[in-house]
Amino acid sequence: MNEVSMQVAGETLELHSERALYWRRERCLLVADVHLGKGAVLRRAGVSVPTGQTATDLARLAVLIDLYQPQRLIVLGDLVHGDATAQAPWLRQVGEWRRRHAAVQMTLVAGNHDRHFDARSLGFDLAGEALQLPPFTLLHAPATRADSYVLAGHVHPGIIVHDGWRRHRLPAFRFAAHCGLLPAFGTLTGLHDERVLADERIVAISPGGLIPLT
Amino acid sequence: MPTSSTTSAAWRRAEARLRAWFATLGRKPAPFQRAAWRAWADGRNGLIHAPTGTGKTLAAVGGPLLDAVLHPERGLQLLWITPLRSLATDTAQHLSTAVTAMDVPWRVLRRTGDSTSGERAKLRRGDCELLVTTPESLALLLSYPDAADRFKRLRGVVVDEWHELISSKRGTLLQLGLARLRALRPQARIWGLSATLGNLDEALATLAGDGVLIGGVAGKRIQIRTALPDPGERFPWAGHLGLQQLPRVLRSVLEVRSALVFANTRSQAELWHEALASVWMEPAQTLAIHHGSIDPKLRLATEEGLRQGTLRCVVATSSLDLGVDFSSVDRVIQIGSPKGVARLQQRAGRSGHAPGLPSKILCVPTHLLELAEIAAARRAIAAQHLEPRRPLRGGLDVLAQHLLTLALGGGFEADAAYAEIGSTRAYAQLPRAQFDAVLEYLQHGGTALAGYPEYHKLVRGDDGRFGVSSLRVARLHRLSIGTITADGSLQVRYLKGARLGAVEESFLSRLRPGDRFLFAGRHLELVRVRDMTAYVRVAPSRRGAVPRWYGGRMPLSGELSDELRRTLADADAPEAELRALAPLLALQRKGSHLPQPDEVLVERTRTREGDYLFVFPFAGRLAHEGLAAVLAYRLSRMQKADYGYAVNDYGLAITARRLPPLTDATLRELLHPWHLRSDIRASINLTELARRQFREVARVAGLVFNGYPGSAKTVHQLQVSSGLLFDVLRQHDPTHPLLWQAEREVLDQQLDYARLRQCLIRTARGKLVYVETARLSPLAFPLWVERLRGGVHADDWKSRVERMLATLEKAAGR
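Quick note, the sequences are listed as chains A and B, same order.
Each residue of the first sequence is one higher than the one before, counting from 1 in my numbering.
Each residue of the second sequence is one higher than the one before, counting from 1001 in my numbering.
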């Protein structure tokens, strides 16, 4: 299955297997940790990774925008991975992609990787460190807020799924009592698995679709 | 090129000087030593094989020293390559003594990863005639543009402990380095020193192409005793820790002044050390542990303690098999089967240095069937059926590293480099297309990066020669030479700073701060992990996990398993071990069948949890693992079901709720070598295995960089893992040479493809005995208790998800 609906803080959120979350009532598409241009940073550091991630990730976002027709795209931090020179080829690709989706409002909640780069040049609004959209507070790094439910990214949540004698390490959505974590959207990102809390609801993302685990 | 005739008066006078020095030590040159000296003078290459401590070093250095007496020259004359940095200091001292005694004005220097900057500066000025170094440091020397100049007076290379290098990537790297030296200096001789192997000719050919084999004195007599269970004692049929033997081992240790206890894996060593510590009545500091993951400083202290006799007992793994002599060790104890003939012989040789007395070793079986393995090992040692150590086929990752070294060391031209590399045994079969693919990867970063000139490591100049233009590439490359030995491990150190050693990341990633574990003989508590270092403190209580090291368990060697099959079938074996085993073998005969050497036994048993099929090819656990997967896959084509499997060194078990009906004919088909390679591909998740293997491949080839020594900047901070790179490459550049390399290593090393194929051919030719047993036979029982290693489902991600969802729903509904 590619989509799973989930009740969080009284709202219905639709989880998509392309590692995005759609909040239909507000027509908001949420993704976290896109890390555009990460390949270029790695190549500059001498790690020869092939090119093409930025194009792939932009295409995935375009498909999601076509599917849900959102009013607004909100990125929960780490839109770009590192410093970018103005002539970086991937930056041009992002610019073109942005122009194609000019009707969609795009907002960036600042992440730790975003401090070197001004996303306004790409037509993003800057929401600062936190964006209040009751009942939610959107952050980059997870935290707890007394008055609202937090949706965040940053940790690149993963989970180990046991299947008989096999174990698979998969990216996941994780919703605890006061804070929900989105998987990292970028293709060139790793995983970090944390212990599962008792009251957590987890949806793993496998190449064959979503697997609600709890 | 002969340097001097051994019949000349001058040579005889020089040799007399060497013999006079031997006489002052109260010794006489052995015939093999004199033979080696003469062969050197004749300008030949060679391999000297003899047991440790019989004078191999002097056999090898004598020739060059005589040469130096006759033709004194300044500048680097002799290169001495040693596999271990820790041996370099000892060796350099030993060689210096000989140099001084011969009154040769040679300066002896060592150059390893831990040389002082003073030593390095001296070396850069060329201030030495004899250089002791490691394969990695040789590669580093070759990566400087003045390499040709530095080696222009070289007369020869001696490779110490060649048997330790031959089957590893370091051995491949060394072959490439020697090919370079030979191109720079064709008259340089190449000599190797080796323990006795089953394939000495191959070892010589791999090292030097051609030359003379010189055998040393025969080894000491070896006496193998076994800690036999008492009559009537309940002794386990399975297991591999053997801790129930603790009282016997303790008694045996305390009978002598100092003892070495060998375990087969690092985890087993940690557990045995802990067990001994808990009953140790002597001062605590007289018991120590030694294995490859412990910090070199601590290891060195342990070795020093053994030498000086301050330690009464050291629990060790194969980390102590190598090099240094411990003449004060009175007794060697082997826990569990040694799994190899040569290894048992080597370990036994660690004790009894008194002249004329045999080396003694006490073998402690961990389960009953190991009694037969010990008896078989004794027979194989008597017959000197030792294991070969096969050289590796040259890897593309090592090739990539070497090409960059060539580019830095003065540049190269593609055709000439291909010819030079093809002159080594490792790369004699290398297709030009693969060579070009590696060149392409270095030049353009693989097909996917062709358009990005700034990421190119190699640059082709106008004259067609390949070189490196970026200083950063040069610096990174020199820093990453020598990372072959490192594995993906984290340093373990106390908060205060003292280093304890290294454990694998995969183990530590399962621990959280506050968790406890047993390491280097200490109970530790993890405080935090930062900058590739795990900071620990001493844990207040004794409880916790023991680190598991990847690939810890050695498979039973081919030589030992051949002997084992013969020994088990030998009805009137005289050995005490087999008498103790007789009741068990009688049970096996009664309930099933005891396989003869030319037979493969197949048993089928129904148990409460389902049907079991047991196959006993005695081919070692690696080959069995591949075979089990193939068999399960072939069964699943006969009848769709979930098949799980387990393996040990004797055989494999396949289990399913219901197995299809089988006959001799269907079994023969199932065990046939036809389509083996494609069936392996279909049955094993090769991708997943290759993904793990890729880590080492990527590091050796310089695809990922492990960080500057002593600096915190690591690949981790770049947030890229080799696993991630593997996935990306598979998607965007599936023909990348390093992906191919990773898969080949899985087939060759992890699944032991060659042995698996051989075993199936043997089965197809031999007799198959198929028995349906009412209850588990003694041979089957250990497999039944073994954890299931894997299985075969005929599925893809879609059906996996469906199955998992169904399971989850069932669990929720209950």
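Heads up, the beta-carbon is just placed ideally off N, CA and C, and yes, glycines get one too.
Counting contacts by CB-CB distance shorter than 8 Å, is residue i in contact with chain B?
i: Ile211(A); result: yes
i: Gly128(A); result: no
i: Pro171(A); result: no
i: Leu188(A); result: yes
i: Val31(A); result: no
i: Val47(A); result: yes
Quick one: which chain B residues come within Cβ less than 9 Å of residue i?
i: Asp163(A); result: His1793, Arg1800, Arg1803, Met1804 and Thr1807
Which class does residue i belong to by DSSP, given the choice of helix, strand or coil?
i: Asp1727(B); result: helix
i: Gly1192(B); result: strand
i: Cys179(A); result: strand
i: Gln1429(B); result: coil
i: Val1801(B); result: helix
i: Trp23(A); result: strand
i: Arg1350(B); result: coil
i: Val1108(B); result: strand
i: His1080(B); result: At residue 1080(B) the sequence reads Trp, which differs from the His that was named. Residue state, collapsed to three classes: strand.
i: Phe124(A); result: coil
i: His101(A); result: coil
i: Arg1019(B); result: helix
i: His16(A); result: strand
i: Leu1213(B); result: strand
i: Leu1490(B); result: strand
i: Gly1171(B); result: helix
i: Ile1761(B); result: helix
i: Phe1151(B); result: coil
i: Phe1618(B); result: coil
Could you tell me the distance, in whole angstroms, from the CA atom of residue i to the CA atom of residue j?
i: Pro941(B); j: Leu1768(B); result: Here chain B comprises residues numbered 1001 to 1814, so residue 941(B) is not present and cannot be evaluated.
i: Pro142(A); j: Phe175(A); result: 11 Å
i: Thr1336(B); j: Leu1095(B); result: A small correction: the amino acid at residue 1336(B) is Gly; Thr does not occupy that position in the sequence shown. Taking the straight line joining both Cα atoms gives about 38 Å.
i: Gly1620(B); j: His1071(B); result: 53 Å
i: Ile1684(B); j: Lys1640(B); result: 17 Å
i: Gly1591(B); j: Phe1616(B); result: 15 Å
i: Asp1570(B); j: Lys1169(B); result: 40 Å
i: Gly1464(B); j: Leu1399(B); result: 20 Å
Within 10 angstroms of the Cβ of residue i, are there 16 or more other Cβ atoms? Answer buried if so, exposed if not.
i: Met1102(B); result: buried
i: Ile1166(B); result: buried
i: His1367(B); result: buried
i: Trp1674(B); result: exposed
i: Lys1496(B); result: exposed
i: Ile160(A); result: exposed
i: Thr1024(B); result: exposed
i: Ile1654(B); result: buried
i: Gln1588(B); result: buried
i: Glu1304(B); result: exposed
i: Ser1267(B); result: buried
i: Glu1370(B); result: buried
i: Pro1029(B); result: buried
Contact criterion: CB-CB distance below 8 Å. Does residue i meet it with respect to chain A?
i: Val1527(B); result: no
i: Val1704(B); result: yes
i: Trp1784(B); result: no
i: Val1728(B); result: yes
i: Leu1724(B); result: yes
i: Asp1487(B); result: Its pLDDT being 48, under 50, Asp1487(B) is placed unreliably by the model, and nothing is read from it.
Who are the neighbours of residue i on chain A, taking C-beta pairs under 8 Å?
i: Asp1733(B); result: Pro50
I want to verify the contact list: residues of chain B whose CB lies under 7 Å from the CB of residue i, in sequence order.
i: Ser207(A); result: Per the sequence shown, the amino acid found at residue 207(A) is Pro instead of Ser. Result: Trp1797.
Whose Cβ in chain A lies nearer than 9 Å to the Cβ of residue i?
i: Val1398(B); result: Within chain A, no residue comes near Val1398(B); the closest Cβ sits about 17 Å away, beyond 9 Å.
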